[in-house]
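*Asks:*
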Ligand SMILES: Cc1ncc(COP(=O)(O)O)c(C=O)c1O
């Protein structure tokens, strides 16, 4: 195996899921959001760990993401959170998925696909209460719910919404969204079509808006150990980051004062230096925006990235580590000794959020799981499903 790999601490995932279950409370189910290959952590092992720790549903973004989960034998309720195109309806039916629905045409396409498979699919009507992305306006809900009731192969399984800024310090907009959602749910119940599952809360709402816990919650980022408020999140609740991105030094070179390092010659040695080359680059998820800015941990010490991050290699200045050797571990995200580099820190340097840093770790980086007892030791994200097999 290449020296660049990700270690996933499944005990940390389990602890974070346990925390989400405790916050949700006994009457509220937890859907572990495992889209984006479980935010880069590997969907199948994370899903298994999350279900063992108390989650009862899984959330994916596209039906294709559910295929490896079903193929791994996971039989729980699985909701496709993103929109469904007509061509994807059969995949939803073939794998017995629930689908989030934002218009009548989607409901009709799913009904046809489900009938062809001899199934009845659960649909979750999405209300746009202020996210401005997908969903029905509150006044449109009743008409589509009545249509669903008239279709033989779909049933109304849920009513859902999504918050635009539940992580904001000012809770007012999230509160307004929740009030609009509650009104839509009341209208539907008054029309004699109560939604069996009402759900709204992402990690931030689960943490900061207890009234949003409803019948089910949909945490994502907190299950991976990161706070939805990013580095402003503080130590509470105690989340455990689950991912560690590490590599090992492949070469150490003396660079004389005035010599340059890497593409574009953006780094010129101000004095004689020792520079180590790491076999990790932006194709692995070490973003190019970290050029001359990021740091890595070697022997528990922070050392700076020098020069441009390349697609497959990155250079670091190890001059202040006299004992450093080829083969020494370098950590890009995670702990080493007393040091730690978080995905939040890496995100800030690149003007983004932990979510993107985690998701961007490429499929060519093997994932290694600890404890490894119940899951394959190394998991590689599955290739996209073969459409011929699905039909
Ligand atoms: C519809 C929906 N629900 C829940 C989540 C989980 O959000 P978070 O990772 O912020 O908890 C997402 C992620 O973006 C989502 O799109």
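In the numbering used here, the protein residues as written are -12 to 378.
By construction, the Cβ of each residue, glycine as well, lies at the ideal position given by its N, Cα and C atoms.
#1: Buried or exposed for residue 240, please, with buried defined as at least 16 other CB atoms from any protein chain shown within 10 angstroms of its CB.
#2: Would you mind sorting residue 225 into buried or exposed? The rule is 16 or more other CB atoms within 10 Å of its CB.
#3: Taking DSSP's pairing of strands, which residues face residue 210 in a bridge?
#4: Where does residue 97 fall in DSSP's three states?
#5: Give the list of continuous alpha helix (DSSP H) stretches no shorter than 4 residues that lie fully inside the region 159 to 185.
#6: Looking at C-beta atoms only, is the number of pairs between the region -11 to -4 and the region 176 to 186 that lie closer than 8 Å three or more?
#7: Here's the rule: buried if 16 or more other CB atoms are within 10 angstroms of the residue's CB, otherwise exposed. What is residue 148?
#8: Let me confirm a value: residue 290 is counted as buried when at least 16 other C-beta atoms fall within 10 Å, else exposed. Which label applies?
#9: Do three or more CB pairs link the region 217 to 236 to the region 317 to 325 at distances below 8 Å?
#10: Whole angstroms are fine: how far does the CA of residue 326 sit from the CA of residue 332?
#11: Does the beta-carbon of residue 9 have 16 or more other beta-carbons within 10 angstroms, so that it is buried, or is it exposed?
#12: Which full runs of the beta strand (DSSP E) of 3+ residues lie inside the region 9 to 46, going along the chain?
#13: Tell me residue 304's beta-bridge partners as DSSP assigns them.
#14: Within the chosen definition, does the region 130 to 141 reach the region 187 to 195 through at least 3 CB pairs nearer than 8 Å?
#15: Looking at the structure shown, is residue 236 part of a helix, part of a strand, or coil, going by DSSP?
#16: Helix or strand or just coil, what does DSSP make of residue 342?
*Replies:* According to the structure shown:
#1: exposed
#2: exposed
#3: For residue 210, which the question treats as bridged, DSSP gives no partner whatsoever.
#4: helix
#5: 159 to 177
#6: no
#7: buried
#8: buried
#9: yes
#10: 13 Å
#11: exposed
#12: 16 to 20
#13: 262
#14: no
#15: coil
#16: helix
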